[in-house]
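These notes concern the structure reproduced below.
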Amino acid sequence: MRAFEDAFAKVISLALEDWGMMLVEAGENPAASFSACEYLYFGWTEFHGVTNGKVTVLCDGKFADILCRNVLGVDEDEVMLESDLRDAVRELTNVISGNLLTETYGEDVVFDLMYPQVGAVAAKDIESFLAQRFTYYCLADGKPLAVGFSRVEE
Amino acid sequence: MGYKILIVDDSNIVRKVLMKSLRLAGLDVERILEAENGQSALDLLLNEQVDLIFLDINMPVMNGMEFMERLRKDPGNVATPVIVISTEGSRERKDTLFEREIRAYLRKPVTPEILNETVLHVLGGIEQ
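Sequences listed follow chains C and Y, in order.
If you use the working numbering, the first sequence corresponds to residues 509 to 662, in order.
If you use the working numbering, the second sequence corresponds to residues 1159 to 1286, in order.
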């Protein structure tokens, strides 16, 4: 479990600090943080190989906005397109899932990673998302982000 | 005449960032073409000859693995340089891609510094 948490932390730091240029810090009380968000994005992708499962990403709409601006180098006064925000969350899901699988299972294991999807999530579904066995929660530039990892047999 | 470069990635923001990095790298770029999957890229290559291709692997419609297989069967693109940029980390996939003569494999996320260094290295061997 500890090794898994370390893998999550390493991959999230790589994705958000190196790529997203965001400051990552530990967060507390994820349910309350997500409940206070006006809009949430939900990204997910399935993987198939020695084990099958899903990697999920739950984030605040403002988080997606900051990530997208940082990656593209766009000023705050420019309005971001909804399609670009979804694209940023999709790419984040892709980067996290691919790196998390390699970090966890090593380079000798081959996985087929499905094309990531992005949608909205209802407030009532937040708790069940956070109740997954392997969920990592943090704040990036003060905005909540949770990454879940589930295997089919679990 | 500058370089003609094709970027194949389903992500619009990744394509935009790559384009920006290439232009900032000081390369003599004549034109940058974009495709959002392998099939669109193959269609585009029917009428265009490019000097370098950036390729993602995990894409809808046609992924990067299948694209590479088909690209190398095209007599006009047997040796076109390809740089793969992907989250795929398995050694087996990388070996397969190098067997299909890719020039470099970069793991996402890629910093502009590593990208520039790799592009300069790959294009260094191409005469204009």
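Glycine included, C-beta positions come from ideal geometry on N, C-alpha and C.
(request) Give the straight-line distance between the Cα atoms of Asp620 (chain C) and Asn560 (chain C), rounded to the nearest whole angstrom. (result) 9 Å
(request) Give every residue of the same chain whose Cβ lies closer than 8 Å to the Cβ of Ser543 (chain C), excluding the five residues on either side of it in the sequence, and list them in chain order. (result) Ala631 and Ile634
(message) Suppose the cutoff is 6 Å on Cβ atoms and the five residues either side in sequence are ignored; what does the same chain contact list for Thr1245 (chain Y) look like?
(response) Lys1266
(request) For Gln1286 (chain Y), name the three-state secondary structure that DSSP assigns. (result) Bear in mind that the predicted position of Gln1286 (chain Y) carries a pLDDT of just 46, short of 50, making it unreliable; the figure below should be weighed with that in mind. Coil, per DSSP.
(message) Need the endpoints of the alpha helix (DSSP H) that Ala1193 (chain Y) sits in, please.
(response) Looking at the DSSP string, Ala1193 (chain Y) is not in any alpha helix (DSSP H); the run it does join, the beta strand (DSSP E), is Val1187 to Ala1193.
(request) Please report how far the alpha carbon of Glu1115 (chain Y) lies from the alpha carbon of Ser1179 (chain Y), in whole angstroms. (result) As shown, chain Y starts at 1159 and ends at 1286. That puts residue 1115 (chain Y) outside it, with no answer to give.
(message) Please report the straight-line C-alpha distance between Phe512 (chain C) and Met622 (chain C), rounded to a whole angstrom.
(response) 22 Å
(message) Determine whether the beta carbon atoms of Ala648 (chain C) and Tyr549 (chain C) lie at a separation below 8 Å.
(response) no
(message) Contact criterion: CB-CB distance below 8 Å. Does Phe657 (chain C) meet it with respect to chain Y?
(response) no
(message) Helix, strand or coil for Glu1275 (chain Y)? Go by DSSP, reduced to three states.
(response) helix
(message) In the DSSP assignment, the alpha helix (DSSP H) including Asp595 (chain C) goes from what residue to what residue?
(response) That run of the alpha helix (DSSP H) goes Glu590 to Tyr613.
(message) List, in chain order, every chain C residue whose beta-carbon is nearer than 9 Å to that of Asn1274 (chain Y).
(response) None at all; the shortest Cβ gap to chain C is about 16 Å.
(message) I want to verify the contact list: residues of chain Y whose CB lies under 7 Å from the CB of Ala523 (chain C), in sequence order.
(response) Pro1267
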